[in-house]
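Asker: A single structure is presented below for examination.
Number of protein chains: 2
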Amino acid sequence: MTDAITPPTIPAFVLVRPQMGENIGAAARAMWNFGLDHMAVVAPRDGWPNPAAVAMASGAGRLLDEARLYSDLPEALGRTDFVFATTARNRDLTKPVFSPEAAMAAAAEKIASGQRVAVLFGPERAGLENDDISRANALISVPVNPEFPSLNLAQCVLLVGYEWRRAQGDVKAQTVGMAGTEWASGQEVEHLSQHFEERLETAGFFYPDHKIASMKVNLRNMWSRMPLTRADVQTFHGMMRQMVRWKERD
Amino acid sequence: MTDAITPPTIPAFVLVRPQMGENIGAAARAMWNFGLDHMAVVAPRDGWPNPAAVAMASGAGRLLDEARLYSDLPEALGRTDFVFATTARNRDLTKPVFSPEAAMAAAAEKIASGQRVAVLFGPERAGLENDDISRANALISVPVNPEFPSLNLAQCVLLVGYEWRRAQGDVKAQTVGMAGTEWASGQEVEHLSQHFEERLETAGFFYPDHKIASMKVNLRNMWSRMPLTRADVQTFHGMMRQMVRWKERD
């Protein structure tokens, strides 16, 4: 039993009355995948520590060693400023309902302004009870298929953890990148275009006469439209050189 | 064995050489949580159908009944226009890397414009091989904790499926760029790639021997990465045909 101190820089993930040790271990792994390492456990069914949880957690075992154990939820929430509760169904409760994305964006903002935030996850089968939920400031509802809303505990933890990580500025790189790519310069593409044009001219590609000009323009457009790397440009030069060598060989 | 028909309204999720039946079943559940029900399975280690997969899938068993089984990846991708490959590590491959969110937003756009999209998931332990990845147009990398990147198959499926569902909310009627462009299909690009490979082989381009395999993978990567229109594909075919004619003329 330790002091109920929700950490200042990340949200605490609070497992309320979890049942299977395997699920607790899987939840720890899911959290640590996204850099979250503050777990609190409230009244676990099979006691604490839980060997099955440890076995499942493997590389994330530290989270279990450092997890805080509480006998009830109010105690666990001691010094928490804002509490989200994850729910499977949309309950008939007058509370704001957030998507995981909106919730973790809000959590990031609150934490940046000095608040301490916790996210509650209910027991596997039944989910959180109304009494648990009454202690939450807002709900998180994952937009699952209404025909098959079967997220398990670790999956729910995974999705919220994923959104936490996405909410961090540095990983918000949604932008499509090609890490380390050296793009060809305009001049390099121009040389490639000329190389092909000359060789294709020699080979009789531009034909009939009245279409030569537009064919050349189209080709030039094509090259300039392609997202060519330096390596691509070299490859295309190499192909053409080889075709010429082949022609000249006999 | 059925026809390789990637569906027109949702991405196909392709499990490449999956190992444990339990993981296949868990992947089916993860998919169906987000309304995705088109699974393809390539060369599953333990044969097909797989009782362990069925036991795990429970409410999502229909996905396994209807899953398409293929003996290799090219066959599975038969009528697919755009392929994403999920990767754990950031490989040293010159392909665009998308976040799950950006990937599924792009997938939704492509599907809205009539293309067929597939997402590849590798075997549990090793992940996709370079040869698999060479058949993809782009990569999906989940922004996990670099100290603990331990997503399992079903978790990876879950996160991509989640982003697919999120992308449904905000698919705008906005068509991005180059309105009216007829993009080349996956099959057309594949034919182009083959045509060049055969002719370049004859011309002696692939050299020295120990580099042949990697040169071919690089070429395939290059073609699949280019945003080729139908007209571009015809132009490249035409160039190559003309070089061959020129060679044969005398």
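Here the protein sequences come in this chain order: A and B.
The numbering of the first sequence is full-length UniProt numbering, which starts it at 1 and goes up by one.
The numbering of the second sequence is full-length UniProt numbering, which starts it at 1 and goes up by one.
Cβ coordinates follow ideal geometry from the N, Cα and C atoms, glycine included.
(1) Could you give the uninterrupted runs of the beta strand (DSSP E) lying entirely in the segment 57 to 129 of chain A, keeping only those of 3 residues or more?
(2) Please report the straight-line C-alpha distance between B/L15 and B/A103, rounded to a whole angstrom.
(3) When you compare only the Cα positions, how much space is there between B/I24 and B/V142?
(4) Say whether chain A places a C-beta atom closer than 9 Å to the C-beta of B/F82.
(5) If you draw a straight line from the alpha carbon of A/S193 to that of A/H38, how long is it in whole angstroms?
(6) What in chain A is Cβ-close to B/Q234, meaning under 9 Å?
(7) Rounded to a whole number of angstroms, what is the C-alpha to C-alpha distance between A/Q155 and A/T6?
(8) Measuring CA to CA, which of B/Q168, B/R245, B/A213 and B/M240 is closest to B/A112?
(9) Given a cut-off of 9 Å, decide if A/V160 and A/A12 are closer than it, judged by their beta-carbon atoms.
(10) Quick check on A/P227 - is its C-beta less than 9 Å from some C-beta in chain D?
(11) On a CA-only basis, which of B/R220, B/I140, B/A67 and B/G47 is nearest B/D131? Give me that one, please.
(12) Between the alpha carbons of B/W48 and B/I212, how many angstroms are there, rounded?
(13) Give me the DSSP bridge partner(s) of residue 272 of chain A.
(14) Does the segment 232 to 248 of chain A come within contact of the segment 195 to 214 of chain B, defined as at least 3 CB pairs closer than 8 Å?
(15) At the level of alpha carbons, what is the spacing between A/L36 and B/H191?
(16) Please report the Cβ distance between residue 256 of chain B and B/S224, rounded to the nearest whole angstrom; I am assuming they are in contact, meaning their Cβ atoms lie under 8 Å.
(17) At what residues does the beta strand (DSSP E) containing A/L228 begin and finish?
(18) Starting from B/S141 and walking both ways along the beta strand (DSSP E), at which residues does that stretch end?
(19) Using the beta-carbon count (16 or more within 10 Å), is B/V97 buried or exposed?
(20) Taking the DSSP output, what are the residues bridged to A/W183?
(21) By DSSP, does A/Q194 sit in helix, in strand, or in coil?
(22) Cα separation between B/M240 and A/S58?
(23) Given that B/Q242 touches chain A, what residues does it touch there, using C-beta distances under 7 Å?
(24) Classify A/R135 as helix, strand or coil using the three-state DSSP reduction.
(25) Can B/E182 and B/A105 be called in contact, C-beta distance under 9 Å?
(26) So A/F148 contacts chain B; which residues on that side make the cut at Cβ distance below 7 Å?
(27) Given A/L153, which residues of its chain have a CB within under 7 Å of its CB, disregarding the five upstream and five downstream residues?
(28) How many Å lie between B/P8 and B/D81 at the Cα?
(29) On the DSSP letters alone, give me the boundaries of the alpha helix (DSSP H) that A/L158 sits inside.
(30) List, in chain order, every chain B residue whose beta-carbon is nearer than 8 Å to that of A/W246.
(31) Please report the residue range of the alpha helix (DSSP H) in which B/I24 lies.
(32) Who are the neighbours of B/M222 on chain A, taking C-beta pairs under 7 Å?
(33) With 9 Å as the threshold, decide whether the Cβ of A/R68 is near any Cβ in chain B.
(34) In three-state terms, what does DSSP make of residue 254 of chain A?
(35) To the nearest angstrom, how far is it from the Cα of residue 254 of chain B to the Cα of B/M56?
(36) A/D46 to B/M31, Cα distance in whole Å?
Answerer: According to the structure shown:
(1) At a cut-off of 3 residues, the continuous stretches assigned as beta strand (DSSP E) that sit fully inside the segment 57 to 129 of chain A are 68 to 70, 82 to 87 and 117 to 121.
(2) Straight-line spacing of the CA atoms in B/L15 and B/A103 works out to 18 Å.
(3) 20 Å
(4) Not closer than 9 Å to any Cβ of chain A, the Cβ of B/F82 fails to qualify, so no.
(5) 57 Å
(6) Ordered by position in chain A, no residue passes the 9 Å Cβ test against B/Q234, which lies about 11 Å from the chain.
(7) Straight across, the Cα-Cα distance linking A/Q155 with A/T6 is about 22 Å.
(8) B/Q168
(9) no
(10) The structure shown contains no chain D; its protein chains are A and B.
(11) With distances taken between Cα atoms, B/D131 lies closest to B/R220.
(12) 35 Å
(13) Residue coverage of chain A in this structure runs from 1 to 250, which leaves residue 272 of chain A outside it and unanswerable.
(14) Yes: at least three Cβ pairs fall under 8 Å.
(15) 47 Å
(16) Outside the shown range of chain B (1 to 250) lies residue 256 of chain B, about which nothing can therefore be said.
(17) For A/L228, no beta strand (DSSP E) encloses it, and the DSSP letter there is neither H nor E.
(18) Per DSSP, B/S141 belongs to the beta strand (DSSP E) from A138 to S141.
(19) buried
(20) A/T229
(21) Helix at A/Q194.
(22) If you draw a straight line from the Cα of B/M240 to the Cα of A/S58, it comes to about 55 Å.
(23) What B/Q242 touches in chain A: L200, A203, G204 and F205.
(24) coil
(25) no
(26) W32, N33, G59 and A60
(27) P18, N23, A27, F121 and E124
(28) 11 Å
(29) L153 to A167
(30) Against chain B, the beta carbon of A/W246 has neighbours under 8 Å at T202, A203, G204 and K247, listed in chain order.
(31) G21 to N33
(32) D232 and T235
(33) no
(34) The shown model of chain A, from 1 to 250, leaves out residue 254 of chain A, and the question about it has no answer.
(35) Absent from the model: residue 254 of chain B. The displayed extent of chain B is 1 to 250, so no value can be given.
(36) 31 Å
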